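Per our numbering, the sequence shown starts with residue -4, numbered consecutively. Each residue gets a CB set at the ideal place from its N, CA and C atoms; glycine is no exception. Computed from a predicted model, the values in this text were never measured in an experiment.
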Amino acid sequence: MDMKILYFGRIQDVFGRVEMISLSHPDQTVGELLDELRARSLATREALSRPFRVALNQTILIEESVVLRDEDEVALIPPVTGG
């Protein structure tokens, strides 16, 4: 089962723009995916230690317990700032 992850802002600086990955197991949750991303390296852990939002198929999530499905699109979005 494959899915797409989109990265934005400061998170994109560490991960890149987009990544296609395979889910590690059926019924993998958003929270488990985030744990896997954090475990990649110190840089990824630091990038995901600051506030950000998760969107699943273009809908902002509140709960990380949502189960991922084949061909889902996850976006990691840090707060928007301007000047």
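Here DSSP, grouped into helix, strand and coil, assigns glutamate 14 to strand. The beta carbon of phenylalanine 3 is closer than 6 Å to those of Ile72 in its chain, skipping five residues each way along the sequence. Rounded to the nearest whole angstrom, the C-alpha separation of aspartate 67 and methionine 15 is 10 Å. By the Cβ-count criterion, valine 49 is buried, with 16 or more other Cβ atoms from all chains shown falling within 10 Å of its own Cβ.
Linking glycine 11 to valine 62 through their CA atoms gives a straight-line distance of about 24 Å.
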